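Heads up: the sequence shown runs through residues -5 to 161, numbered per my numbering. From the three backbone atoms N, C-alpha and C, an ideal C-beta is built for every residue, glycine too. On a predicted model such as this, the values are computed, not experimentally measured, just so you know. Take a look at the structure set out below.
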Amino acid sequence: MRIMDVPEFKDKTNVLTVEPESPLEQAISEMAGRNVGSAVVLKNGKVVGIFTERDLLVKVVGKGKSIKDLVVADVMTKNPHAAKLEDDVNESLRRMSQGRFRHLPIVDNDKNLVGLLSQGDFVAYTWSDLMSRVGHHTKLSFLTNSQLWLLILGPVAYIILAKILFF
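What follows is the structure, given as structure tokens:
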């Protein structure tokens, strides 16, 4: 399935964006205010980076820097992985898992931002499918497990035989 076909993507187009020269303190405040874990960095309308909670932790807090002295460009992840609307959902999720990043900008052919997906969005998308598959396999396992049927039918057969033979 393509990203554009994912229902969770359809309402993920209102992405928080900042510019490279935006004060870091302002970007963090906007992220907190919108309760999001990332801001996509745009320059002339093109994706040039992403600033995430992990960037804040590793590149600022972990190094004892003050957010008052920094702009987004100082700590953003430059040239982040991105996907296109036509890309396969499973392949995109695999890339995120292997690359150990949680936010994936979605761009058009000219690197213009069209949306953003997070691992949480992919989990929401795949969860119902996963539960459906588990239920299906559980039913199949139940129906084809001869030991289980012997446990269930054994006592029933015993009761029936006892009634026939002894009553």
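Between which two residues does the alpha helix (DSSP H) holding V65 run?
It is not in any alpha helix (DSSP H) - V65 carries neither H nor E in the DSSP assignment.
Are G39 and N106 close, meaning C-beta to C-beta below 8 angstroms?
Result yes, Cβ atoms of G39 and N106 sit closer than 8 angstroms.
Inset, instruction - Assign S16 to one of three DSSP states: helix, strand, or coil. - result: coil
Using CA coordinates, which residue listed in V9, G43, N73, D81 is at the minimum distance from V108?
When only C-alpha atoms are compared, the closest one is V9.
Q) Are the beta-carbon atoms belonging to A26 and V12 less than 8 angstroms from one another? A) no
For D49, count the other beta carbons within 10 Å of its own beta carbon; 16 or more makes it buried, fewer makes it exposed. Which is it? buried
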